[in-house]
Structure formats: C-alpha cells, structure tokens
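Asks:
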RNA sequence: GGUCCCGUAGCUCAACUGGAUAGAGCAGUUCACUUCUAAUGAACAGGUUUCAGGUUCGAGUCCUGACGGGAUCACCA
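In our numbering, the protein residues as written are 16 to 628.
#1: For residue 314, name the three-state secondary structure that DSSP assigns.
#2: Please state whether DSSP places residue 624 in a helix, a strand or coil.
#3: DSSP three-state label for residue 558, please.
#4: Give the single residue among 161, 534 and 141 whose Cα lies nearest to the Cα of residue 188.
#5: Under the rule that 16 or more other beta-carbon atoms within 10 Å means buried, what is residue 654, buried or exposed?
#6: Would you mind working out which of 106, 58 and 155 sits nearest residue 619, comparing C-alpha positions?
#7: Hey, would you say residue 489 sits closer than 7 Å to residue 568, going by beta carbons?
#8: On a Cα-Cα basis, can you pick out the residue from 45, 51 and 64 that is closest to residue 57?
#9: Going along the chain, which residues of its own chain have a beta-carbon closer than 6 Å to the beta-carbon of residue 297, five neighbours each way excluded?
#10: So, helix, strand or coil for residue 513, using DSSP?
#11: Fully enclosed by the region 270-326, which beta strand (DSSP E) runs are 3 residues long or longer?
#12: Residue 165: buried (16+ other C-beta within 10 angstroms of its C-beta) or exposed?
#13: Given a threshold of 16 other Cβ atoms within 10 Å of its Cβ, counted over all protein chains shown, does residue 320 qualify as buried or as exposed?
#14: Can you tell me whether DSSP reads residue 550 as helix, strand or coil?
#15: Taking buried to mean at least 16 other C-beta atoms within 10 Å of its own C-beta, is residue 545 buried or exposed?
#16: To which residues does DSSP link residue 352 through a beta bridge?
#17: Quick one: residues in its chain with C-beta nearer than 7 Å to the C-beta of residue 269, no 5 flanking neighbours on either side, listed in chain order?
#18: Under 8 Å, with one C-beta from each stretch per pair, do the region 35-55 and the region 81-99 reach the 3-pair mark?
#19: Using the Cβ count rule (16 or more neighbours within 10 Å means buried), how would you classify residue 252?
#20: Please name the residue in 379, 348 and 337 whose C-alpha comes closest to that of residue 359.
#21: Taking the continuous alpha helix (DSSP H) assigned at residue 23, which residues delimit it?
#22: Decide yes or no for the touch test of the region 389-400 against the region 416-426: beta carbon pairs closer than 8 Å, at least 3 of them.
#23: Excluding the five sequence neighbours on either side, which residues of its own chain have a C-beta within less than 6 Å of the C-beta of residue 422, listed in chain order?
#24: How is the alpha helix (DSSP H) around residue 233 delimited, first residue to last?
#25: To the nearest angstrom, how far is the alpha carbon of residue 123 from that of residue 62?
#26: DSSP three-state call for residue 475: helix, strand or coil?
#27: Measuring alpha carbon to alpha carbon, tell me which of 443, 612 and 136 ends up nearest residue 119.
#28: Under the rule that 16 or more other beta-carbon atoms within 10 Å means buried, what is residue 394, buried or exposed?
#29: Do residue 152 and residue 313 have their CB atoms nearer than 7 Å?
#30: Kindly list the residues whose CB is nearer than 8 Å to the CB of residue 608, restricted to its own chain and excluding five residues on each side of it in sequence; keep chain order.
#31: Could you say which of 408, 521, 354 and 329 lies nearest to residue 396 if we only look at CA atoms?
#32: Under three-state DSSP, which class holds residue 132?
#33: Can you have a look at residue 610 and say buried or exposed, based on whether 16 or more other CB atoms are within 10 angstroms of its CB?
#34: Am I right that residue 81 and residue 40 are in contact with their C-beta atoms under 8 Å? What's the rounded C-beta distance?
#35: Select from 531, 324 and 263 the residue whose C-alpha is nearest the C-alpha of residue 221.
#36: Return helix, strand or coil for residue 522, following the three-state DSSP convention.
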C-alpha cells in the first residue's frame, strides 16, 4: 500500500483512539515536508482542533507519538507550529528501491482496456507547419504517451483540413504563376513550395486591394458604409474580407475553383491531389524530425459532408430546430447562444462536420474518451460541440475534452503572417540542432565518435531543448517563445536533464559492476539519496495526475526535479569510489533506477536520451 | 458591451488544488575542475503575488469589485 495512505489511515486511527471521533481519510491534509525541516511527510493538525479541543501543537505531539508507536514505517516526528513532520524509516526507502529495481517497467500501469483518442496537429494543407503547430504536436504526442503509460489504449489521429478556400488560394496561385514548378524541379520541400504560393496569392490579393482602394467604386463604398469619423485607412483595413468576397478578381477565381472542386471537376481535382501530395510528403519529413506518428489520418474532404444522420437524430429528439433549410441549435440555457448547424443553402458548417466526424470515429474505434488538442481560440466551438453530443446521448459524450492551449508570442509580440514573423517549424528544428552542434563541437567531447553518431546526438540534444522548453509550460497559458532561450543548454532545460542521464551512463560504464546485491547492507541514507528515492516513489502518481489533467508540464517539472537532485547527489557522494562496498552497490543501484526513470519520464515528453554528450 | 482565460523576482516559469519563511532557471556578483562528464555544484542578491475589500485558525490559491493583457461573440474552418 502507498505510504501516504498508510499514514492517513494511521491518523484516522489516532483521531479515533485519542479523541474518540470517526473521520474519513479525506479529512487528513498531508504534504511533503519542506526541505528546511526534518522529516518526509507533514500532517496538518489544524483541522483537528475542533474535534480534540486542544491546541495544534499538543495534538501534533500526541498524534506523532501514536504514529511512531503504531506504524512501522514512521520512525520519528517533530512538531513545528502545528505541523506534524513525520520521518520515514530508512528501511522503508531501501526496500522500496530494491523493489523498483527488480520490476521491469516501473511507472507503467497495466492496461485498463479503456480506449481514448487523441486528435492533434490537424493542419490546413495550404502551407507548412509553424511554431503554433509545434506546441500542438508536442502536447498531443506527450499526452498520448502519458495516457498510454497510465494504462489507456490510445489512438492518435489528425484530421487534415485539405479543402476549402485557403487550399484553393495556393492552387490558384500555383496554376497562374507557378510555371509548373514542382518540389523536384525546384528542390523545395513540398509543403514549403505550396506555402510559397499561398503567400504569393496573399500578396497579389493585397496589391489588387490597394489598387482598388483608389477607384471611384471604392470611394463610394467608403462614403456609404464608413462609421462616423472613420478615416479611409482604418475603414479599408477592416473591409478586406468583404472585398475578397464581393469585389476581388482573384477572390472570385478562387471561389469558382472551390465550386469546381465541389463539383468534382477533373482538372481541379487533379491539381488538388497533386499539390496535397506534395504537402503530405513535406509534413512527413517534419513529423519524422519531431519523432511523432499517427495511427490514423482523417481527411476533411472525406468528412465534411458527414453529420446528416446526427442532425436527423437531433431534429427528431427536438434538440435541433429547423428554420427553412437552415438548422440551428438553441443553447441559450447554458449561455452558449444560438448556433447554426446547417446553413440556409443546406450546406454544412464546422459544427456539423465535427458532429459527423465524431460519429465516424466512434464507429471506427469505439473509444470512450476523445481529447481534442486545439488552440484556445476555439473554446466556444468545442463547448457547443460537446453540448450537442451530450444532448444526443452519444456514449463517449462524458469523455470529451478540449485540450486548449494558449497562443505563442515572440518577445517582439504576436506572430503575424502579414508581418512575416511566423516561425517556421522546419527552420526552428534545424536551428536548435545547429545550436546543439555548436555547443558540442566547442566542447569537443564527442570527437572520437563517428559522424552519424555525433549528428544523432546533436539532434537529440537540440530537440530536447526545444521540446522541454515548450512542454514545461502549463498548456493553458499563453507563452512567450524566445528563440534564444529555447536553445539554452543550461539550467532548467532539456539538455540539463539529459546530462544527468549521461553522467549516470558514464558511471555505469566505468563501474562495470553488474552485481549490486550488497546494497541491502547499506546503513544510513544521505539526504540526497533519500530525496532521490522519495522522488522515484512519486513517479507513478505524477503520471496518473498528468493523465487526469492532460498536463505534460507536470512530467517536465518532475524530470527536472529528479535530474537536479541527482546532480547534487553526484556532487556530494562518490559512487564508484564509495566508502564501503555496500555503499557502492547501493549507489550504483540507485543511479541505475534514476537513469531509467529519467529516460522514461522524458520519453513521455517525446525526448530521447543520448548515451554521451 | 456579453462570455471565457491570464496577471507571481529585471526576464521566462513553479507553487502538490486552502497550509509553514512564495520556489526554480536565466541575467548579475562570488566560490569550487590533478576528482565518477563543469551542459555541473555551492553561496549572495533579487517579492506589498496588479490594486481594494471579504470569507477563516490560515489566501498567490476561494468570493466581490476595480485595473491591465488576451481570446471569442459568423449561415469561416
């Protein structure tokens, strides 16, 4: 049984015996003892003052004595200002280490047979991936790993938003200005090439719009539609969408293309297929760089017409309402307003598509939970979607979760494609690896390794820096991404944690000492040793918590703590040249397990460990 | 304007979900490599947790109200 439960039950028993009152274990507040005091766990005695009618310190004394007398694992106590600090017997920690070192897969829960689907990445196929996608992908991947380790059966999916106006923009620009340029002919990565034409389109549109603003037609629009005192510049700044839809020549061409696409026009479809295939080839490279894979891909072009039967069901149940051809849902009672589900021309919306996709996925996999990793600007969309699915009584409705993450800002402000401040995913990956290479070459520690081995190490280090930098931050927070700091290799960073692992491997190589059975004779634990074991003890609980809260930052912070304490331990205690053979055995065993747990917890973040660095 | 999120050290973030003297890293100032990897360790300095009230043994955390930043309020996806 868990030591925390043991203590909690001990406290319950103490209250019962000493004060003659039945309480539940949930009434016992406990925490890890702060490091400035002696002890491992702390029980807060304030809540018992009413029951005992005594002062907190007095209760602490009585309770401490009771626990030492009645619980084998508690070896001592002290009371400070109403806080009862309990010391756990060294023997408990030592046998725990023996136990962990004997098990195969410490931290991994046995399968609970429950299926959870994680949707992440889900880009629009009109341009390459950028920093925002990276946060999404890392979160999605990491959550998948965490859920899997917590015992779930995880299905990783993405939906490729491969149709619509944006995609047609790239297509139109390529067709008009591309001169048949291909990834092969240009040497440009497929997604980058398509993105280049998307940007070109936006540029042409902008030029066209600027020119139009000088025309008398534009002036008329301005005069008839401006708000009072609004100058021409700010008026036109906000009018761009209307312009695109109603006046733009290229806009009209794009919309015609979209209609042809929907009518299955062979020529447009062929172009679409070709350009999308370039994009997918490009994405594959980026995903490989980031070391992520998916179990199934969904395509919006296959799913955007789904949802009809869900809507039928909703209408019959009275959840949805018809207004001519239009279908809407009234969620005023839960403050979500009225939303259109089917437009008055009978076509689908984002909501109807997602309803259909949810059903399709359930038919495919029968999962009971779905985690949607999507930016927080879509919070209300998912609230509506989940509410409808719940009212429809879908079996997975209670397991729906929108993992909403905040946008990434640069130190200079928001990322804006208009201002060219978008950070490209491929560039960023190349940059962090380059930085790791520079650092390593300067140091010269890997000079004896073959080139591929070295490059592989640089890749691991650079990606560790990037991934850790992003995942250590609570997902729901908007974050500031400083490219400079993301490649830092010191302090609270991925490479710092890798370094702890590398030190361990180095020691184990040099010790060359397989039999550590003498560790059981080790006498008194050093404080850093205790701390390490106590952290190891917490690991499964951290995974559980991270799985429940869908929060990789908890795992990141745990990994850092473990590495940090190890570095201190390494500094304070000799391992190979320890005072006694028992101490050596013990420390080798401890280091081995710490190494395994660091590797595993970082693995949950999608970060690999190098053997040397 | 309605709804939702955020506000903690110069900067980037924590704080075990209401517990002790609010912790880390970076940047700054020192110290420690003839040693199992110094991508390390130790120390100093840095705070009215945006502000004002409230709830209670106890508030960065909960409530109310300001202030500041952001998202969203489409028959776009």
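Heads up, the beta-carbon is just placed ideally off N, CA and C, and yes, glycines get one too.
Replies: In terms of the structure at hand:
#1: Taking the first chain and counting its residues from 1, one reaches residue 314 at position 299. Looking at residue 314 - three-state DSSP - the assignment turns out to be strand.
#2: Residue numbering aside, residue 624 sits at position 609 when the first chain is read from its first letter. Three-state DSSP puts residue 624 in coil, outside helix and strand.
#3: Counting from 1 along the first chain, the entry for residue 558 is found at position 543. Here residue 558 sits in helix by DSSP.
#4: Within the first chain, residue 188 is the residue found at index 173, counting from 1. Cα-wise, what sits closest to residue 188 is 141.
#5: Outside the shown range of the chain, which is 16 to 628, sits residue 654, and nothing can be said about it.
#6: Residue mapping note: residue 619 aligns to position 604 of the first chain, counting from 1. Checked all of 106, 58 and 155; the closest Cα to residue 619 is 155.
#7: Within the first chain, numbered from 1, the residue matching residue 489 stands at position 474. Within the first chain, numbered from 1, the residue matching residue 568 stands at position 553. Cβ distance < 7 Å, so residue 489 and residue 568 count as in contact.
#8: Here residue 57 refers to the residue found at position 42 when the first chain is read from its first residue. For residue 57, the nearest C-alpha among the options comes from 45.
#9: On the first chain, residue 297 is found 282 positions in, with the first residue counted as 1. Once the five neighbours on either side are set aside, the close Cβ partners of residue 297 are 204, 205 and 206.
#10: Position 498 of the first chain, counted from the first residue, corresponds to residue 513. Residue 513 falls in the helix class under three-state DSSP.
#11: 311-314
#12: Translated into the one-based positions of the first chain, residue 165 becomes position 150. Its Cβ being crowded by 16 or more others within 10 Å, residue 165 is buried.
#13: Here residue 320 refers to the residue found at position 305 when the first chain is read from its first residue. By the neighbour-count rule (16 or more Cβ atoms within 10 Å), residue 320 is not buried but exposed.
#14: Along the first chain, one-based indexing puts residue 550 at 535. Reduced to three states, the DSSP call for residue 550 is helix.
#15: Residue 545 sits at position 530 when you count from the first residue of the first chain. It is buried - the Cβ of residue 545 has at least 16 other Cβ atoms within 10 Å.
#16: Reading the first chain from its first residue, position 337 is the one you call residue 352. The partner list for residue 352 (beta bridge, DSSP) reads 346.
#17: Here residue 269 refers to the residue found at position 254 of the first chain. Here the set comprises 180, 183, 184 and 187.
#18: yes
#19: For the purposes of this step, residue 252 is identified with residue 237 of the first chain, where counting begins at 1. Classification of residue 252: exposed, given that the 10 Å Cβ count is below 16.
#20: Along the first chain, read from residue 1 onward, the residue named residue 359 stands at position 344. Out of 379, 348 and 337, 337 has the C-alpha closest to the C-alpha of residue 359.
#21: As a working note, residue 23 is residue 8 in the first chain. Taken as a continuous stretch (DSSP letters only), the alpha helix (DSSP H) holding residue 23 covers 18-34.
#22: yes
#23: Against the first chain, residue 422 aligns to sequence position 407. The answer, listed in chain order, is 493.
#24: If you number the first chain from 1, residue 233 lands on position 218. Start and end: 231-240.
#25: Here residue 123 corresponds to residue number 108 of the first chain, with the count starting at 1. Here residue 62 corresponds to residue number 47 of the first chain, with the count starting at 1. Each residue's alpha carbon lies about 36 Å from the other.
#26: Translated into positions along the first chain, residue 475 becomes position 460. Of the three classes helix, strand and coil, the one that applies to residue 475 here is helix, per DSSP.
#27: Working through the first chain from its first residue, we reach residue 119 at position 104. Selected option, being the one with the closest Cα: 612.
#28: What you label residue 394 is simply residue 379 of the first chain in a count that begins at 1. Exposed is the call here.
#29: Start at 1 with the first residue of the first chain, and residue 152 comes out as number 137. Start at 1 with the first residue of the first chain, and residue 313 comes out as number 298. Cβ atoms of residue 152 and residue 313: not closer than 7 Å.
#30: On the first chain, residue 608 is found 593 positions in, with the first residue counted as 1. 112, 115, 116, 121 and 551.
#31: Within the first chain, numbered from 1, the residue matching residue 396 stands at position 381. Selected option, being the one with the closest Cα: 354.
#32: Taking the first residue of the first chain as position 1, residue 132 is located at position 117. In this structure, residue 132 counts as strand in the three-state DSSP scheme.
#33: Counting from 1 along the first chain, the entry for residue 610 is found at position 595. With 16 or more Cβ atoms within 10 Å of its Cβ, residue 610 is classed as buried.
#34: Along the first chain, one-based indexing puts residue 81 at 66. Along the first chain, one-based indexing puts residue 40 at 25. The Cβ separation is near 16 Å, so there is no contact.
#35: Position 206 of the first chain, counted from the start, is the residue given in the question as residue 221. Closest by alpha carbon: 263.
#36: Position 507 of the first chain, counted from the start, is the residue given in the question as residue 522. In the structure shown, residue 522 sits in a helix (DSSP, three-state: H, G or I).
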